[in-house]
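Everything on this sheet refers to the single structure shown next.
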Amino acid sequence: MKKRAFFVSAVLAGGAVFTAVSLAQQQLPTHLKELLELGMHPGHAFIDEGREMFHKPGPNGKSCATCHGQDGKKLEGAYAKMPRYYKDIDRVADIDTRILACMTKYMGYNAKDKKFKKKFNKWSGPYRVPLATYVASLSNGMKINVQLDDPQEKKLYEYGKKLWYMRVGARDFSCGICHTVLAGKRIRLQGLPDPVKNKLYTHWPAYRFGSDRMWTMEDRVRSCWKAYLLYVKQWHQKKDWVKKPPPYSDWVIALELYMKKAANGATVEVPGLLR
Amino acid sequence: MITRRDLFKVAGVGAVALTVAPGMVRESFGAPKKISIDDALKEHLGTGLSGLKESNLIHIKAPTIAESGANVPVQVSANIPVDQVEALYIFADANFNPWVATVEFTPMNGEVFFATRIKLAKTSPVRAVVKMKDGSLLAASKEVKVTVGGCG
Amino acid sequence: MARIGRAIVRVPRRISKGQVFKVQMVITHPMETGFRKDKKTGKVIPAHYITKVEFLFNGKKVTTLHTGAGVSKNPYFAVKMKATESGTLTIKYEDNKGGKWSKEVKINVS
Amino acid sequence: MKKVFLAGAMVGLGLLVACQPAAQQAEAPKKAEKKKLSKTEKFRIALSNQDKYQKACSNPTQLVPEGIDIETFKKDMLATVKFPEGGVVGKNIARGEKLFGDPKKGGKSRRGNCYACHCGDPKIIACGNIGPSLRGYGKRGIDPKDTYIRIYNSWAQNPCSVMPRLGYHGVLKPEEIADIVAYMHDPNSPLNK
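Residue numbers (my numbering), protein chains in the order written: chain X, 1 to 275; chain S, 276 to 427; chain B, 428 to 537; chain L, 538 to 730.
Next comes the structure, spelled out in structure tokens:
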């Protein structure tokens with residue numbers, strides 16, 4: 001019901017913006033704005049796919065809906081509090097990690113099965129991205145509220161803060177260089193946002209039209225590391241490159257926790273649309 | 276009109292199928308033959324660039340600068356009663372195959388409107404051509420600059 | 428891949444009689460041009476794209492789109508239409524590899 | 538998790554003690570190379586590769602070194618700059634242009650990628666505004682040697698600057714930097730026209 005109302009308002013708002021926008025020429029890309037004006041993007045298809053996956057039983061006959069309720073009733077608002085500490089897996093988990101843990105622990109998927117792991121990690125795979133998008137969309141309209149109640153959460157948060165400012169790699173980058181110091185400037189024509197100050201965690205997972213893919217924050221953080229040109233011995237020897245931290249590792253989750261904690265109070269709007 | 280397009284499609288798919296066969300005609304594939312905008316117009320409309328009439332009744336909405344050529348939003352609308360219009364064509368000059376889409380209208384549409392996202396190989400004009408029931412062709416175009424996005 | 432051909436359609440919830448409204452849809456589809464090479468294997472990825480999208484309202488043709496590989500991946504289409512009665516909007520679409528799908532949406536005119 | 542951090546910290550300490558510029562490290566490859574490292578292990582080592590100067594710049598103010606005096610910092614950095622045999626102005630201007638940003642690819646370059654932060658050739662629209670525009674750079678009367686040092690190791694002039702130390706890390710070889718310098722100072726280059 002709520003969703004339908006949203007459709008209508010989106011259409012109406014779309015029309016209003018359409019007439020109001022002037023045709024003034026700008027030197028900055030108007031690309032994103034015009035894409036947003038279309039009102040609908042492929043990210044919405046991922047919610048649909050995730051919903052189907054959510055109700056599909058795993059190898060032992062249980063589906064996500066078995067525990068979390070039809071249409072994810074019990075998961076409403078869960079995403080707004082993530083990443084957080086989970087007792088059953090004894091670690092702080094972001095949404096990707098949590099989904100993996102649920103599927104292997106409770107739904108009968110085999111964590112050691114390489115085929116499953118590959119399918120799960122894959123961008124275009126049927127599990128991780130659609131499910132994360134769907135579960136995140138269940139918190140739409142709610143306020144992000146990450147609390148550091150558990151000592152593990154606190155520790156990871158502090159580590160995330162340290163990682164944010166840590167300059168390393170062949171380009172002497174840190175997250176903070178681009179997203180704190182240079183925020184507001186442009187890298188090529190791309191404006192650099194400040195996710196910490198401006199509470200930008202709200203629209204992840206997001207569809208990125210530059211790569212035509214749905215990205216979760218896990219993907220985003222990991223591919224940021226790619227730009228660091230991290231190396232073990234010599235950066236120009238390809239075998240020594242370390243492109244990304246391993247998936248679901250504490251390095252990634254620490255940064256996610258740091259950014260999402262900073263976004264407390266902002267409203268979740270999934271799926272986002274970005275370059 | 277349809278048979279023509281179908282023919283072309285078959286030819287295109289055939290070419291791809293051939294190149295997939297290992298080692299064969301790789302050279303010809305290395306540089307796929309670009310169809311010029313003039314030829315593309317002739318193929319779909321039967322007339323080249325000279326046969327088009329610029330019209331301010333047609334509005335194209337597209338970004339001036341696109342950060343990614345893979346996803347350029349294009350909205351076309353026209354201040355022409357829909358029952359006078361037969362079809363709307365969208366072309367992107369610099370693409371290998373400049374023809375992007377054709378929309379056939381009926382009075383049920385109410386308005387001449389079409390929006391989509393298209394691929395642009397490089398900076399080039401995006402053209403919209405409206406084919407009227409009386410056979411005349413009205414056109415409008417907008418230049419979209421495609422740049423390298425992000426860190427490059 | 429099961430996901431190819433999945434479509435979502437949006438129409439306004441309530442439509443007054445004779446009102447012109449927008450029908451938007453997104454189809455999950457790779458839209459391969461046939462010019463792109465697989466980065467890992469170096470092989471050309473065969474063309475695979477939506478060729479035709481038909482909009483039928485209560486069985487009557489509203490619009491037909493003919494599309495080529497120039498449309499972006501996971502294509503978005505929007506057209507306008509008007510309806511004088513409630514009914515079903517059927518959208519049929521097919522690709523160059525013989526894939527055929529259809530999607531139905533209820534239109535409520537009040 | 539505790540273990541992960543402890544181990545990481547220890548490797549980090551170990552490397553910090555033996556802290557040397559990457560260029561020098563390369564000359565003494567270790568025997569442990571043969572053992573295949575897991576991705577986690579590799580990443581941990583890569584993170585602990587952070588050198589002492591990067592560490593000094595890793596504070597929330599980012600652009601001010603912490604724990605090292607600025608003058609010492611500059612001097613240390615300047616000492617790492619290696620000059621090519623043929624002088625700081627190279628001969629292969631075309632190569633310099635490609636490294637700076639290939640105009641055929643819209644200013645893209647895998648190596649220098651200068652347009653990501655600087656503007657220059659007016660034909661290239663997709664240029665960043667992080668660094669100053671390099672339009673007319675050759676006409677400003679800047680010593681090519683300073684340009685060379687700036688590209689090789691920007692921290693020798695401007696500690697903790699956001700500009701990557703391209704020569705120091707070996708991203709660009711000295712001869713390649715010399716070619717870029719030649720391109721930037723050439724009166725016929727699109728930057729200076």
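Note that CB positions come from ideal geometry on N, CA and C, so glycine has one too.
Residues of chain X whose Cβ lies closer than 8 Å to the Cβ of residue 455 of chain B are, in chain order, 42, 45 and 49.
Taking 8 Å as the upper bound for CB-CB distance, residue 584 of chain L and residue 168 of chain X are in contact here, some 6 Å apart. Per DSSP, residue 128 of chain X is one residue of the alpha helix (DSSP H) stretching across 128-137. Taking a Cβ-Cβ threshold of 8 Å, the residues of chain X close to residue 666 of chain L are 185 and 186, in chain order. With contacts defined by Cβ atoms closer than 8 Å, residue 501 of chain B and residue 453 of chain B form a contacting pair.
Contact between the segment 123-139 of chain X and the segment 189-201 of chain X is absent: fewer than 3 CB-CB pairs across the two stretches fall below 8 Å. Contact note: residue 422 of chain S reaches chain L through 643, 662 and 663, using a C-beta cutoff of 7 Å and chain order. If you check the CB distance, residue 421 of chain S and residue 341 of chain S come in under 8 Å. Residue-level contact by beta carbon holds for residue 38 of chain X and chain B, with a gap shorter than 8 Å.
Each residue's CA atom was taken as its position, placing residue 627 of chain L and residue 708 of chain L some 17 Å apart. Excluding five sequence positions before and after residue 322 of chain S, the CB atoms of its chain that fall closer than 8 Å to its own CB belong to 316 and 412, given in chain order.
Under DSSP, residue 104 of chain X shares a beta bridge with no residue.
Here the alpha carbons of residue 327 of chain S and residue 436 of chain B stand approximately 34 Å from one another. Going by DSSP, residue 684 of chain L is part of no beta strand (DSSP E) but of the alpha helix (DSSP H) stretching over 681-689.
Taking 8 Å as the CB threshold, residue 520 of chain B stays off the interface with chain X. For residue 362 of chain S, same chain residues with a beta-carbon under 8 Å away, outside a window of 5 residues either side, are 377, 378, 379, 380, 405 and 406 in chain order. Residues 192 of the same chain have their beta carbon placed closer than 6 Å to that of residue 178 of chain X, with the five preceding and five following residues left out of the count.
Any Cβ of chain X closer than 8 Å to the Cβ of residue 711 of chain L would place that residue at the interface, and such an atom is absent. Looking at the DSSP output, residue 403 of chain S shares a beta bridge with S:365 and S:415. For residue 625 of chain L and residue 655 of chain L, the gap between their C-alpha atoms comes out near 21 Å. Residue-level contact by beta carbon fails for residue 651 of chain L and chain X, as no gap is shorter than 8 Å. Nearest neighbour of residue 219 of chain X by Cα position, chosen from X:181, X:231, X:206 and X:229, turns out to be X:206. Within the same chain, Cβ atoms closer than 7 Å to the Cβ of residue 717 of chain L are found at 633, 636, 637, 649 and 688, the five residues on either side in sequence being excluded. The distance from the Cβ of residue 221 of chain X to that of residue 269 of chain X is about 19 Å, inconsistent with a contact at the 8 Å cut-off. Between the segment 498-518 of chain B and the segment 478-486 of chain B, the count of Cβ pairs shorter than 8 Å is three or higher; the stretches touch.
Within chain S, not a single residue places a beta-carbon under 8 Å from that of residue 467 of chain B; the smallest gap is close to 16 Å. Contact residues of the segment 629-641 of chain L toward chain X are absent (C-beta to C-beta distance below 9 Å).
Under the three-pair Cβ rule at 8 Å, the segment 344-361 of chain S does not count as touching the segment 449-468 of chain B. Distances from the CA of residue 79 of chain X to each of X:98, X:71, X:233 and X:180 were compared; the closest alpha carbon is that of X:98. Taking a 10 Å sphere around the C-beta of residue 162 of chain X, we find fewer than 16 other C-beta atoms and assign the residue as exposed. For residue 206 of chain X, there is no enclosing alpha helix (DSSP H); the enclosing beta strand (DSSP E) covers residues 206-208. Contacts with chain S (Cβ-Cβ distance below 8 Å) from the segment 496-508 of chain B involve 496, 497, 498, 499, 500, 502, 503, 504, 505, 506, 507 and 508, listed in chain order. In this structure the segment 67-75 of chain X does not touch the segment 147-160 of chain X; the number of beta carbon pairs closer than 8 Å is below three.
Taking all protein chains in view, the Cβ of residue 409 of chain S is surrounded by fewer than 16 other Cβ atoms within 10 Å, so the residue is classified as exposed.
For residue 152 of chain X, the uninterrupted alpha helix (DSSP H) segment begins and ends at 151-165. The beta carbon of residue 463 of chain B does not come within 8 Å of any beta carbon belonging to chain X, so the residue lies off that interface.
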